[in-house]
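Data block below; observations after.
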Amino acid sequence: MNSVERMFAPAQDPEVRFSNPHTWESGARLWASGEQQTLTCCRVVEETHDVKSFEFRVGDGTPVRFEPGQFMTVSANVKGQAVERCYTISSPPTRPYLLSITVKQVPGGVMSNWLHENMRPGSTLRAYGPSGTFTATAAASAKSLYLSAGSGVTPLMSMTRASIDLGLNRDVVFVHSARTPADIVFRSELKRLAELSPRFRTFFVCEGVGDELDWAGPIGRLSLELLSEWVPDYAEREVFTCGPAGYMSAVRALLREGGHDPARYHQESFDISADVAPEPVREEQAATQQTFTVKLSRSSRSFTMSASETVLSAARKAGVAIPSSCSQGVCGTCKTRLLEGTVDMKHNGGIREREVQKGLRLLCCSRPTSDLTLDL
Ligand SMILES: Cc1cc2nc3c(=O)[nH]c(=O)nc-3n(C[C@H](O)[C@H](O)[C@H](O)COP(=O)(O)OP(=O)(O)OC[C@H]3O[C@@H](n4cnc5c(N)ncnc54)[C@H](O)[C@@H]3O)c2cc1C
Ligand code: FES
61 MNSVERMFAP
71 AQDPEVRFSN
81 PHTWESGARL
91 WASGEQQTLT
101 CCRVVEETHD
111 VKSFEFRVGD
121 GTPVRFEPGQ
131 FMTVSANVKG
141 QAVERCYTIS
151 SPPTRPYLLS
161 ITVKQVPGGV
171 MSNWLHENMR
181 PGSTLRAYGP
191 SGTFTATAAA
201 SAKSLYLSAG
211 SGVTPLMSMT
221 RASIDLGLNR
231 DVVFVHSART
241 PADIVFRSEL
251 KRLAELSPRF
261 RTFFVCEGVG
271 DELDWAGPIG
281 RLSLELLSEW
291 VPDYAEREVF
301 TCGPAGYMSA
311 VRALLREGGH
321 DPARYHQESF
331 DISADVAPEP
341 VREEQAATQQ
351 TFTVKLSRSS
361 RSFTMSASET
371 VLSAARKAGV
381 AIPSSCSQGV
391 CGTCKTRLLE
401 GTVDMKHNGG
411 IREREVQKGL
421 RLLCCSRPTS
431 DLTLDL
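Structural data, given as structure tokens:
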């Protein structure tokens, strides 16, 4: 047994909850989902040429409680417009006095560029309390496989940091895909954590070498061959995946091919490319496609929309600004009270049943089934 192995207690049995009420949760105030806080930036870390981490403390200095893998919704006034976007809390809940987000600059992107250009130590930022169900707590397992690409590394990094801070010595393999070695976010920290924790292993695969001509790792995309070589028991592992939509569908396909049980697969999408796609309209339906009127009770405005569109998308076209972020029914930013009418809402966990009972709906994933009146 080497000195590192001696430092760890035997592995936790799978029934032990990842989230332990006697550890980081004790004493920390619960930052309720949707509750607004003012965060003060303490430090900015340049992770790669286009990724920065912003570290914050909560305005009144109290510790906050969240699950590793959850995100918060940040809000800023950019060129006179209120903009809201979701960012995963990349720091672990085991360090409850400091919250960090790790943001990749998106070409032409409003919030990511604003944060990169404006956040400095001392700057403040409004944020809404943590949300999200993509957390290792949701699926206790003896062995996990974390698969990420690009900025999708962030939720898995929070889970990794939390697990190692708690000395859980969990059996985790973390495989990260990047464009080039210089684009690997948290590269040195992940390697250091793997040296510290004997049951945590990490691998990187890059599409090209970029400027790092002596890169010794594999070149290309994650394949079943590579996965089988690095993680021969991948089919026995609980898989957590986060990355661009194309990456995640490729991962799903290769896991399916490799016989992995889809029930043990969990993913989070950051994809901001478009609204929830309109429902396909059959040709014979198109001619009779229903339209509905949407009234806004506070502004006395109204617009018409087709039954196949989401209310958020139609409102945007009509020039009505409604706060939104994920456009996928995940973050809860577009939650609005429906005063009259009915919608067909297909969300992804961004709203609770009791909120639905109170008349709230997520407009990004709701399509009208009658005329509507919204509390806007
Ligand atoms: C749950 C969740 C967690 C997330 N966590 C992270 C994280 O940890 N790190 C991270 O970096 N990101 C994360 N994201 C993504 C993040 O929320 C933002 O979507 C991302 O930073 C881009 O926002 P933006 O305002 O910079 O870009 P946007 O302004 O929203 O633009 C996005 C893209 O659309 C294009 N675009 C914008 N306007 C137009 C237009 N009028 N016509 C054509 N194209 C246009 C832009 O060029 C850009 O390519 C997360 C998202 C979700 C849903
Ligand atoms: S914008 Fe995220 S739930 Fe609607």
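The working numbering applies: residue 61 is where the sequence shown begins, and numbers increase by one.
We put the CB at the ideal spot given by N, CA and C, even for glycine.
Query: Compute the minimum distance between the beta carbon of T393 and the heavy atoms of ligand 3, and state whether it is under 7 Å.; Result: Questions concerning ligand 3 fall outside what the structure shown contains, since the ligands it does hold are ligand 1 and ligand 2.
Query: Please check the pair A242 and E272, which I expect to be a contact at CB under 8 Å, by giving their CB distance rounded to whole angstroms.; Result: 6 Å
Query: Considering only heavy atoms of ligand 1, does any lie closer than 7 Å to the CB of C386?; Result: yes
Query: Report the three-state DSSP secondary structure of H176 (helix, strand or coil).; Result: helix
Query: For ligand 1, is there a heavy atom less than 7 Å away from the beta-carbon of N173?; Result: yes
Query: Any heavy atom of ligand 2 within a distance shorter than 7 Å of the CB on V390?; Result: yes
Query: Confirm, please, whether the CB-CB distance from V235 to L253 is below 8 Å.; Result: no
Query: Give the range of the alpha helix (DSSP H) segment to which Y157 is assigned.; Result: Here Y157 belongs to no alpha helix (DSSP H), and DSSP marks it neither H nor E.
Query: Could you name the residues that DSSP lists as bridge partners for I411?; Result: Its beta-bridge partners do not exist; DSSP assigns none.
Query: For the segment 237 to 294, which segments carrying the beta strand (DSSP E) assignment without a break, of at least 3 residues, lie completely within its bounds, in sequence order?; Result: 260 to 266
Query: Have a look at L99, G280, I161 and L228 and flag the residue whose alpha-carbon is nearest the alpha-carbon of F260.; Result: L228
Query: Hey, how far is the Cα of R145 from the Cα of T393?; Result: 8 Å
Query: State yes or no: is the C-beta of S150 nearer than 7 Å to some heavy atom of ligand 1?; Result: yes
Query: By alpha-carbon positions, which one of E317, L99, S211 and V232 ends up nearest to S172?; Result: S211
Query: Classify S360 as helix, strand or coil using the three-state DSSP reduction.; Result: coil
Query: Give the single residue among T396, G409, S426 and R427 whose Cα lies nearest to the Cα of D419.; Result: Residue identity check: residue 419 is Gly in the sequence provided, not Asp. When each option's Cα is compared against that of G419, the closest is T396.
Query: In its own chain, which residues sit with a C-beta less than 6 Å from the C-beta of I224, not counting the 5 before and 5 after it?; Result: L253 and S257
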